[in-house]
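Chains W and G, in that order, are what the protein sequence lines are. Mind the numbering: the first sequence is residues 187 to 462 in the numbering used here, read in order. Mind the numbering: the second sequence is residues 12 to 321 in the numbering used here, read in order. Quick notes on the structure that follows.
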Amino acid sequence: MKNDAVRQIYYYTALILLACISLAPIWVMIATSLKDEVTVQGATPLWFFFVPTLENYQTILFGRGKFDTYLMNSIIVAVSATFLTLSLGGFCAYALARNRFAGRHFLANATLLVRMVPPAVLAVPAFAFVTLSGIDNDLAALTFLYTAISLPFAIWLLFGFYKQIPIELEEAAVVDGATPLQVFFRVLMPLMTSGYAVAGIFTFRIAWNEFILALLLTGRNTRTLPVAAAGFLTEEGVEWGRIMAMGTLIVIPPLLFTFFAAKQIIAGMTAGAVKG
Amino acid sequence: MTATTAGETTLGKKPRIEPGLLSPYMFITPAVLIMVGGLLYPVVMAFYLSFYDWEIGRELQDAPFVSFDHFVRMINDPQVWEVLWVTLRFGFWVITIEMTLGIALALLLEKPIRGASVFRTIFILPLMVSPVVVGLIWRYLFDARIGWINYYLGAWFGIEPLVWLGDPQLAFFAIVFTDIWQWTPFIFIIIIAGLQALPSEVIEASDIDGANWWQQILLVKLPMIRSIIIIALLMRLIDVFRGLEVMLIMTGGGPGRSTELLSLHIYNRAFETQQLGYASAISVLLIVVVFGLSLAILNMANPMKTRSDV
Numbered sequence: 187m188k189n190d191a192v193r194q195i196y197y198y199t200a201l202i203l204l205a206c207i208s209l210a211p212i213w214v215m216i217a218t219s220l221k222d223e224v225t226v227q228g229a230t231p232l233w234f235f236f237v238p239t240l241e242n243y244q245t246i247l248f249g250r251g252k253f254d255t256y257l258m259n260s261i262i263v264a265v266s267a268t269f270l271t272l273s274l275g276g277f278c279a280y281a282l283a284r285n286r287f288a289g290r291h292f293l294a295n296a297t298l299l300v301r302m303v304p305p306a307v308l309a310v311p312a313f314a315f316v317t318l319s320g321i322d323n324d325l326a327a328l329t330f331l332y333t334a335i336s337l338p339f340a341i342w343l344l345f346g347f348y349k350q351i352p353i354e355l356e357e358a359a360v361v362d363g364a365t366p367l368q369v370f371f372r373v374l375m376p377l378m379t380s381g382y383a384v385a386g387i388f389t390f391r392i393a394w395n396e397f398i399l400a401l402l403l404t405g406r407n408t409r410t411l412p413v414a415a416a417g418f419l420t421e422e423g424v425e426w427g428r429i430m431a432m433g434t435l436i437v438i439p440p441l442l443f444t445f446f447a448a449k450q451i452i453a454g455m456t457a458g459a460v461k462g
Numbered sequence: 012m013t014a015t016t017a018g019e020t021t022l023g024k025k026p027r028i029e030p031g032l033l034s035p036y037m038f039i040t041p042a043v044l045i046m047v048g049g050l051l052y053p054v055v056m057a058f059y060l061s062f063y064d065w066e067i068g069r070e071l072q073d074a075p076f077v078s079f080d081h082f083v084r085m086i087n088d089p090q091v092w093e094v095l096w097v098t099l100r101f102g103f104w105v106i107t108i109e110m111t112l113g114i115a116l117a118l119l120l121e122k123p124i125r126g127a128s129v130f131r132t133i134f135i136l137p138l139m140v141s142p143v144v145v146g147l148i149w150r151y152l153f154d155a156r157i158g159w160i161n162y163y164l165g166a167w168f169g170i171e172p173l174v175w176l177g178d179p180q181l182a183f184f185a186i187v188f189t190d191i192w193q194w195t196p197f198i199f200i201i202i203i204a205g206l207q208a209l210p211s212e213v214i215e216a217s218d219i220d221g222a223n224w225w226q227q228i229l230l231v232k233l234p235m236i237r238s239i240i241i242i243a244l245l246m247r248l249i250d251v252f253r254g255l256e257v258m259l260i261m262t263g264g265g266p267g268r269s270t271e272l273l274s275l276h277i278y279n280r281a282f283e284t285q286q287l288g289y290a291s292a293i294s295v296l297l298i299v300v301v302f303g304l305s306l307a308i309l310n311m312a313n314p315m316k317t318r319s320d321v
């Protein structure tokens, strides 16, 4: 009994220590974003006890920068890419899970293979395509690329979820006179919510966080948040307070997802290795 | 029963059609088109561009065809060998340390305890942070003048301030350290999921057979999650070859080429020295490496195969 208690204490001490290591850098960012420039430049790192100010947020949100535009760009791109990926990827996964057709295996394997295409490989051709074709809607091009990047993982994930739904359920609905669309939206969708949630979070995160392609393809008015944040890094004097405020704003949506759907995110992360 | 238009041809022999699916191809076509356009086309384009000496500011039509010159140049290019060496060294250190730490922590903390889900939520936070922001945070922490790392090294150990990101070896250490902070939780989460999926009978059986803690780990648990360990390792290795954003923000690849990984080198070649054609040739090398590693993973665990090919 006593041994168990001691062991418990060890466990929790270790876990709390690890949690602190995970959180500390993120907290440093948030804390720095709440400091004025003098405090930031001060000699001692202040973790908690400083006078917080929203100065940095005011400057980036209402200052002369086009932060509101960049925020809108990020939201538009991430939301449209997520919507496209979930709807088109969902159809594709459904067809793969429910049908046997020529090219099915090839498609399944090819999908898994292209999942890993490095962003650096996409960079030059994407740049070439945009400069050659003269497309000037950068956000549409970006949305298209993010959808393409996210689709393989989404299809693969949703495929697994569709496979778990017994086909008898659909057959029963058909016998009861449901149309194909009703089967899809009334019978399958409610069972697929968590699958679509995982796929949606991963897609949104990719589109929201991506930097390299956005840097190459966007111009003055079409920047996304990560590009704008990196733009604050200038050679002469870096204003860390503002950069960290920017970073904090970028991190908010993914952190919220984590708090509300940690279980699903972990399921998505481990799905690749553990269930195989 | 709805009859398809293709009723007389190949599909005609099937008496019943899957409910509501006129053709699965209708369902897959949009997604396939986007993947072909956004992933396959760029890869093919990279191969194509690697045969042309194209530079920024020049029309592609005017770029001379150089056949395999870029590939010959690549083999003899000390810079390419240097960044390959940096990438492999980086991969060796981060993967060794992350796997060791991740597996050790998973084994120590695998017991289901109260509050486990809270801790797991916290552990995956670093994985959710945008690479750009990771780069920004650690660039600040490693800053030579106001960086917190220098402060604590000074306050606790009396070490003089170091110019972390301005010294080749220190900068390399800094990017390794940053990667370990972000990615050890990934290994930890995967391994712990694998451990908890082990059938409890096996563990109980080894208990009854009198296996001690070490024997249980080395002879039962680790061998049983071997494939998970290898897949996690391969996934990390692929990431090492894919990653560039954190280094681009922290060091830009410098000083010298001490933190320039292969992906970052391609980026710098293309957009700093503006040699788009040559950069494409190097990215062909990257594609080959990453596809090779992906095939290895596919071979070990193809979820679409094991679950559907009954």
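Cβ coordinates follow ideal geometry from the N, Cα and C atoms, glycine included.
I believe residue i touches residue j by the beta-carbon criterion, under 8 Å. Please report the beta-carbon distance rounded to the nearest angstrom.
i: Leu71/G; j: Ala200/W; result: Not confirmed; about 57 Å, so no contact.
i: Leu147/G; j: Ile429/W; result: 6 Å
i: Leu343/W; j: Val303/W; result: About 17 Å separates the two Cβ atoms, so there is no contact after all.
i: Leu304/G; j: Ile249/G; result: 5 Å
i: Leu51/G; j: Leu299/W; result: Not confirmed; about 10 Å, so no contact.
i: Gly417/W; j: Glu223/W; result: Their Cβ separation, rounded to whole angstroms, is 18 Å, which puts Gly417/W and Glu223/W out of contact at 8 Å.
Name the residue from the options whose alpha carbon lies nearest to the alpha carbon of residue i.
i: Thr434/W; options: Pro304/W, Ala229/W and Leu240/W; result: Leu240/W
i: Ala217/W; options: Gly113/G, Leu275/G and Tyr151/G; result: Tyr151/G
i: Ala294/W; options: Leu325/W, Leu272/W, Cys206/W and Gly346/W; result: Gly346/W
i: Met311/G; options: Leu244/G, Ile293/G and Val251/G; result: Leu244/G
i: Phe62/G; options: Gly288/G, Thr98/G, Val300/G and Leu296/G; result: Gly288/G
i: Val295/G; options: Pro412/W, Ile436/W, Pro305/W and Ile195/W; result: Pro305/W
i: Met46/G; options: Ala431/W, Ala210/W, Asn242/W and Cys278/W; result: Cys278/W
i: Val231/G; options: Val77/G, Leu206/G, Leu176/G and Arg253/G; result: Leu206/G
i: Thr410/W; options: Glu396/W, Ala267/W, Phe445/W and Ala359/W; result: Glu396/W
i: Met378/W; options: Thr225/W, Ile341/W and Tyr332/W; result: Ile341/W
i: Val265/W; options: Gly405/W, Arg428/W, Gln244/W and Ala393/W; result: Ala393/W
i: Asp254/W; options: Phe313/W, Ile436/W and Ile387/W; result: Ile436/W
i: Phe134/G; options: Val143/G, Leu116/G, Ala166/G and Lys122/G; result: Leu116/G
i: Ala448/W; options: Leu51/G, Met235/G, Thr132/G and Ala292/G; result: Thr132/G
i: Ser128/G; options: Leu164/G, Ile200/G and Leu259/G; result: Ile200/G
i: Val369/W; options: Leu419/W, Glu356/W and Pro439/W; result: Glu356/W
i: Gln193/G; options: Val257/G, Pro53/G and Ile277/G; result: Val257/G
i: Ile387/W; options: Leu299/W, Leu308/W, Ala205/W and Ile451/W; result: Ile451/W
i: Gly264/G; options: Pro89/G, Thr98/G, Ile228/G and Tyr163/G; result: Thr98/G
Let me see if you follow: with CB-CB separation under 8 Å, is residue i close to chain W or not?
i: Leu225/G; result: The displayed chain sequence assigns Trp, not Leu, to residue 225/G. Judged by the 8 Å Cβ criterion, Trp225/G is not in contact with chain W.
i: Gly48/G; result: yes
i: Gly228/G; result: It should be noted that the sequence gives Ile, not Gly, for residue 228/G. For Ile228/G, the answer is no, since every Cβ of chain W falls outside 8 Å of its Cβ.
i: Leu32/G; result: Because Leu32/G sits at a pLDDT of 48, beneath the cut-off of 50, its placement in the model cannot be relied upon, and the point is left open.
i: Leu209/G; result: no
i: Val144/G; result: yes
i: Pro137/G; result: yes
i: Arg131/G; result: yes
i: Pro234/G; result: no
Starting from residue i and walking both ways along the alpha helix (DSSP H), at which residues does that stretch end?
i: Tyr382/W; result: Met375 to Asn395
i: Tyr36/G; result: Pro35 to Met46
i: Gly158/G; result: Premise fails: Gly158/G is in no alpha helix (DSSP H) and is neither H nor E.
i: Asn295/W; result: Arg290 to Val300
i: Asn285/W; result: Careful: Asn285/W lies outside any alpha helix (DSSP H) and carries neither H nor E.
i: Pro89/G; result: Pro89 to Leu119
i: Gly251/W; result: It is not in any alpha helix (DSSP H) - Gly251/W carries neither H nor E in the DSSP assignment.
i: Ile321/W; result: Run containing Ile321/W: none; DSSP gives neither H nor E here.
i: Val300/G; result: Leu287 to Met311
i: Glu223/W; result: Glu223 to Gln227
i: Trp175/G; result: No alpha helix (DSSP H) contains Trp175/G, which DSSP labels as neither H nor E.
Counting only C-beta atoms, is residue i closer than 8 Å to chain G at any point?
i: Asn242/W; result: no
i: Thr239/W; result: no
i: Met215/W; result: yes
i: Phe277/W; result: yes
i: Met302/W; result: yes
i: Thr245/W; result: no
i: Gln450/W; result: no
i: Ser380/W; result: no
i: Met455/W; result: yes
i: Ser319/W; result: no
i: Tyr348/W; result: no
i: Leu209/W; result: yes
i: Gly386/W; result: no
How about residue i: is its Cβ closer than 7 Å to a heavy atom in the ligand FAD?
i: Ser273/W; result: Ligands displayed in this structure: none; no statement on the ligand FAD is therefore possible.
Would you please verify whether the beta carbon of residue i is less than 8 Å from any beta carbon of chain A?
i: Thr408/W; result: This model lacks chain A altogether, as its protein chains are W and G.
Problem set entry | Segments of 4+ residues assigned as alpha helix (DSSP H) that fall wholly inside the region 218–258 of chain G | 237–253
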